[in-house]
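Asker: All the letters of the sequence shown, read from the start, carry residue numbers 1 to 168 under UniProt numbering. For every residue, glycine included, the Cβ atom is placed at its ideal position computed from N, Cα and C.
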Amino acid sequence: MIRYRDAASADLPAIDALFRESFIATFGHLYSPENLAIFLAKFTPEAWAEELATPGVALRLAEDDAGPVGYCKLGPVTLPVAPRPAPIELRQLYLRERGKGSGAAQALMDWALDTARSRGAATLWLSVYIDNHRARRFYERYGFVDRGRYAFMVGEHEDEDRLMSLDL
Numbered sequence: 001m002i003r004y005r006d007a008a009s010a011d012l013p014a015i016d017a018l019f020r021e022s023f024i025a026t027f028g029h030l031y032s033p034e035n036l037a038i039f040l041a042k043f044t045p046e047a048w049a050e051e052l053a054t055p056g057v058a059l060r061l062a063e064d065d066a067g068p069v070g071y072c073k074l075g076p077v078t079l080p081v082a083p084r085p086a087p088i089e090l091r092q093l094y095l096r097e098r099g100k101g102s103g104a105a106q107a108l109m110d111w112a113l114d115t116a117r118s119r120g121a122a123t124l125w126l127s128v129y130i131d132n133h134r135a136r137r138f139y140e141r142y143g144f145v146d147r148g149r150y151a152f153m154v155g156e157h158e159d160e161d162r163l164m165s166l167d168l
């Protein structure tokens, strides 16, 4: 059984570990060890704590008896997007393998949508790797629309992400 709760600063080491595990499992093969190391080096305990302390940032944690299986992070828009009314950004939604197919992704997305609406957001933005077809289909099922290309940097490697938005 998966439980959901707001994350606290004490959860940040576990969230960081989950992020690294999921990112490397999903995307690690795309990058040189050097570029992957440069990218992951930006995710320090201090950087996680600073982000959690940023006004408007919220983290929701999904966990089972073995610990965290996923998390979702919302915050002010940092993506280079066209101006739209009252935007908010889905910054990350990551799951461990054991969380996939459990309903955790849907529960976290439902939380993100409810939270965005309760904050008065009119548009929810995200970016997704162009070849992450599973994630793109997931977002499209919620009604997200492709809004164009976004260059996502992993070290010195430029990935093509797609900017997507949902009018709330």
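Do the stretch 96-103 and the stretch 112-130 make contact, defined as three or more Cβ pairs closer than 8 Å?
Answerer: With a cut-off of 8 Å, the stretch 112-130 and the stretch 96-103 do not count as touching, because too few Cβ pairs lie within range.
Asker: Looking at the unbroken alpha helix (DSSP H) that takes in residue 29, where does it start and where does it end?
Answerer: Element bounds for residue 29: n/a, residue is neither H nor E.
Asker: Let's test the definition: count the other Cβ atoms within 10 Å of the Cβ of residue 11 and tell me whether it reaches 16, buried, or not, exposed.
Answerer: Buried, since its Cβ has 16 or more Cβ neighbours within 10 Å.
Asker: In the DSSP output, what is residue 152 paired with across the bridge?
Answerer: DSSP, once it has assigned bridges, lists 159 as partnering residue 152.
Asker: Go to residue 116, then tell me how far its alpha helix (DSSP H) extends in each direction, as first and last residue.
Answerer: Residue 116 -> alpha helix (DSSP H) spans 104-118.
Asker: Would you mind working out which of 112, 156, 152 sits nearest residue 139, comparing C-alpha positions?
Answerer: The candidate whose alpha carbon is nearest that of residue 139 is 112.
Asker: One question on the structure: do residue 77 and residue 87 come within less than 7 Å of each other, judged by their Cβ atoms?
Answerer: It is a contact, given that the beta carbons lie within the stated cut-off.
Asker: Going straight from the alpha carbon of residue 22 to that of residue 7, what length do you get?
Answerer: Cα to Cα, residue 22 sits roughly 18 Å from residue 7.
Asker: Name the DSSP bridge partner or partners of residue 129?
Answerer: DSSP output for residue 129 lists 161 as bridge partner(s).
Asker: Assuming contact is defined by CB atoms lying nearer than 7 Å, are residue 24 and residue 155 in contact in what I supplied?
Answerer: No, the pair does not count as a contact, with Cβ atoms beyond the cut-off.
Asker: If you draw a straight line from the alpha carbon of residue 61 to that of residue 32, how long is it in whole angstroms?
Answerer: Distance between the alpha carbons of residue 61 and residue 32: 30 Å.
Asker: Taking all protein chains shown into account, do 16 or more other C-beta atoms lie within 10 angstroms of the C-beta of residue 9, making it buried, or fewer, making it exposed?
Answerer: Flag for residue 9 reads exposed.
Asker: Report the option in 145, 151, 152, 149 whose CA atom is closest to the CA atom of residue 166.
Answerer: Ranking the options by Cα distance to residue 166, first place goes to 145.
Asker: Could you check which residue in 74, 116, 119, 66 has the C-alpha nearest to that of residue 98?
Answerer: The option with the nearest alpha carbon to residue 98 is 66.
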